[in-house]
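Let me begin by presenting the structure, written as structure tokens, before commenting on it.
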Amino acid sequence: MADETLRTSPETPVLRIRPPRRWRLPDLAGIWRYRELLWVFGVRDVTLRFRQTIAGSVWIVAGPLLSAGVFSFVFGRVAKLDSEGIPYLVFSYAGLVAWTAFSTTITKASGSLLANANVITKVYFPRLVLPFATVFGTLTNLLVTFAMLVVLMVAYGLPLTWHLVLLPLTILLVLMLGLGVAAVLAAGSVFFRDVAILTPTVVSLLLYVSPVAYGTSSVPADVRTLYLLNPLASLVELWRWSIFGTGTFYAWSVAFSVVATLAVFTVGLVLFTRMEPRFTDVI
Amino acid sequence: MSSDLAISAVGVGKDYRLGLSGRTRSLAAIAAHRARHPFTRGLTARELFTALDDVSFDVARGEVVGVVGKNGAGKSTLLKILSQITVPDRGAIDIRGRVGCLIEVGTGFHPELTGSENIYLNGAILGMKRRTIEQRYDEIVEFAGIPGFLDTPVKRYSSGMRVRLAFAVAAHLDPEILVVDEVLSVGDFTFQAKCLEKMRAIAADDGRTVLYVSHNLVTVEHLCPRSLLLVDGRLAFDGPTEETVSRYRHTIPRAERGAQPGTFDLAAGDRSGGRYAAELFKGLELRPRGEGPSDTMRMGEPLQIAIAVEGLDATPEANVHVTVGSPSCACVFRMTSRMLPLSVANGRRPAETILIDIPSLPLTPGDYHLDVGALGRDAVLLDEVHRAAEFTVVPADVLGTGYHFAARDGHVTIPWTWEVRPAESEAGDRS
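So the protein sequences, as listed, match chains A and B.
Residue 1 is where the first sequence starts when you use our numbering, and the numbers rise one by one after that.
Residue 1001 is where the second sequence starts when you use our numbering, and the numbers rise one by one after that.
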């Protein structure tokens, strides 16, 4: 009986459980080891979204499209803001595609620990898997909304340019920024439910101080520097630039955004890891 | 760490924060607390609850070890640390081999997903590779025994089906070290027996290490040659299960059990079931073999139950009932004065003793408890004590055949005879 079934051998690695140090590096290797769970959680969220719905993926596009319609009326017709030569509907819809990727990352990832509280208290896995798994759903959304953007551009006769090569990098930065912020919010909401309540409000306000429904070009020059301290601002501009080839950003503001994004991502994950050992005890 | 050890724990301890700092807090509450206590930074000793303290033990590969102790003794905390669900504050644990934990079957089941989708989800959560799940999918489905429902969302499953599916996945997990906590408290009797059998097979046939926590001492004795006893977070004993269990019984405070084993003080009993008109029941004694009180008795022995009552004479029409229950069955059998009226000797008095005589105890080996109660006119509950007494029935050769009854044989057995004769039609022909 012994040798085939008894897989423990002297070579089996020894798992060492010790009281955790206060500050540790995020367990990225652990996420890789648990990539199957990452995948399964991701697929679960995507599958579940359309269970018992009739229209399914139509709803992904309908939200941003409706907002774009309202924005092009309010900002394009009423406030008559400049849309850099792009039809206002397409202009604001493109901004909303990037914005939606950012905001769903924040809302989904920051709620991921509380939503899976029953699993956290019963099974061990690197907890970072939960916020990271929400990226699958966000990317699916992004794919569908982006396909709609291409349809709009074809309908309006707008060409896609070589700038498109920057698109994946922009998406990556937007997601990293979102995940960095969400990691702290997710961990914080385990200890203070206030965080979970406040998050949607703050995120929806952030929409108005980002160049989503209007371009940075419409921001008065005297506050533009201050405005561009929002790391998301240049990312959205960069995103629209890689689609339309138009946009207002500066070398310093892009550099700032990239550095800020990497910093937010790293600090977010480190803080998450700092709080991680107590999740099970307080959730 | 020696290579034939599966688990080596040294000086393991864990504290929980109590009160304000332990609960899910609002920022306002924290701010208020900080404002009132501006100079206290750390936690005072009173706010810390030590769930585990200085626990050290080794488990060899292929060993099956039970963990017993009262609620709050630290059993679940220990298991959660071993399975990495939570972290220790002190000490060191080395584990050789993959740990699979069954803290609760069906963890992570999602009601909207179908049975087959949930097999993959649950498997992945428990740490199975997709390929492993695919390979063992048919086995899992067969063990669960619900072939027609795999494409149905789990929310439409009965609770029984859910448990079967969950255990089926968990049973095919194949970790080198299996950590099991009270999972058997769910499911019906046959299902529990099936789970126990499976766990025994995992340990005996595959030579895996099992750490098993349960309140059900009979299953611990059945499954584990060795057990750890935790008392208030400390390892009070580590040795043969028989001795661990006997020591465990002695850790239960006298107040809950009465002055000596087999006597129970009902004035301090559990009356949490409602508000009662009176406190009729005062004490209870179990007298097996017609001897002095004891809480352990053999199957088939005569048993006398003596219940001290006060004031029952005021409501002579009261329906007195005594219910025998077990961890898996609320009512194994009952005796009520409506079934068989109490016979009164020498007239009624304020202080009386009800004597119940059972000539031969039909209960199979296991842990049992007694609930006592009295119903007055219009079904008003006069008094009721839950778990008024707890006792253990141990095996005996009641049939004289050398057969020892166990949990699988049901809760009770009855005297019966049977014989083989020639077919009755043939017998008729002959006469």
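Quick reminder that beta carbons are idealized off the backbone N, C-alpha and C, glycines included.
- DSSP, read as helix, strand or coil, puts residue 1260 (chain B) in coil.
- In this structure residue 236 (chain A) does not touch residue 217 (chain A) by the C-beta definition: roughly 13 angstroms separates them, more than the 8 angstroms allowed.
- The CB of residue 1087 (chain B) comes closer than 7 angstroms to the CB of 19, 20, 277 in chain A, given here in chain order.
- DSSP places residue 1212 (chain B) in the strand class (E or B) of the three-state scheme.
- Under DSSP, residue 1297 (chain B) shares a beta bridge with B:1393.
- Residue contact with chain B for residue 108 (chain A): absent (no Cβ-Cβ distance below 8 angstroms to any residue of chain B).
- Judged by their CB atoms, residue 1051 (chain B) and residue 1233 (chain B) are nearer to each other than the 8 angstroms cut-off.
- Excluding the 5 residues flanking it on each side, residue 1145 (chain B) has same chain C-beta neighbours closer than 7 angstroms at 1164, in chain order.
- In this structure, residue 1172 (chain B) sits near residue 1136 (chain B), with a CB-CB distance shorter than 8 angstroms.
- The alpha-carbon of residue 97 (chain A) is positioned some 19 angstroms away from that of residue 249 (chain A).
- Residue environment for residue 1080 (chain B): buried (at least 16 other C-beta atoms within 10 angstroms of its C-beta).
- Comparing alpha-carbon positions, the option among B:1384, B:1410, B:1342 lying closest to residue 1329 (chain B) turns out to be B:1410.
- Secondary structure of residue 1101 (chain B) (DSSP, three-state): strand.
- The Cβ of residue 1083 (chain B) sits closer than 8 angstroms to at least one Cβ of chain A.
- Residue 1313 (chain B) and residue 1226 (chain B) have their C-alpha atoms roughly 51 angstroms apart.
- Residue environment: residue 108 (chain A) is assigned as buried (16 or more neighbouring CB atoms within 10 Å of its CB, all protein chains considered).
- For the options B:1382, B:1213, B:1014, the alpha carbon positioned closest to that of residue 1317 (chain B) is the one of B:1382.
- In the three-state reduction of the DSSP assignment, residue 1371 (chain B) falls in the strand class, which pools E and B.
- DSSP places residue 1140 (chain B) in no beta strand (DSSP E) but in the uninterrupted alpha helix (DSSP H) bounded by 1130-1144.
- Using a Cβ-Cβ cut-off of 8 angstroms, residue 1080 (chain B) counts as an interface residue toward chain A, since at least one Cβ of chain A sits closer than that to its own.
- Going by C-alpha positions, residue 1077 (chain B) is about 8 angstroms away from residue 1086 (chain B).
- Interface annotation for the stretch 1121-1151 of chain B against chain A: 1121, 1123, 1124, 1125, 1126, 1127, 1128, 1129, 1130, criterion Cβ-Cβ distance under 9 angstroms.
- In the three-state reduction of the DSSP assignment, residue 168 (chain A) falls in the helix class.
- Taking a cut-off of 8 angstroms on C-beta distances, the stretch 47-55 of chain A does not touch the stretch 193-206 of chain A, as fewer than three cross pairs fall below it.
- Residue environment: residue 59 (chain A) is assigned as exposed (fewer than 16 neighbouring CB atoms within 10 Å of its CB, all protein chains considered).
- Near chain A, meaning a CB-to-CB distance below 7 angstroms, the residues of the stretch 1052-1078 of chain B are 1061.
- Of the candidates B:1389, B:1162, B:1065, B:1205, the residue whose Cα lies closest to the Cα of residue 1260 (chain B) is B:1389.
- At least one CB atom of chain B sits nearer than 8 angstroms to the CB of residue 44 (chain A).
- DSSP places residue 275 (chain A) inside the alpha helix (DSSP H), whose first and last residues are 251-275.
- For residue 1376 (chain B), no beta strand (DSSP E) run applies, since DSSP gives it neither H nor E.
- Assigned with DSSP and collapsed to three states, residue 248 (chain A) falls in coil, not helix or strand.
- Among the residues of the stretch 1283-1315 of chain B, none has a Cβ less than 9 angstroms away from any Cβ of chain A.
- The distance from the Cβ of residue 123 (chain A) to that of residue 1095 (chain B) is about 16 angstroms, inconsistent with a contact at the 8 angstroms cut-off.
- Not one beta carbon of chain A lies nearer than 8 angstroms to the beta carbon of residue 1200 (chain B).
- Under DSSP, residue 1304 (chain B) takes part in a beta bridge, and its partners are B:1287, B:1357.
- Apart from the 5 residues on each side of it in sequence, residue 1128 (chain B) sits with its Cβ closer than 7 angstroms to the Cβ of 1173 in its chain, given in chain order.
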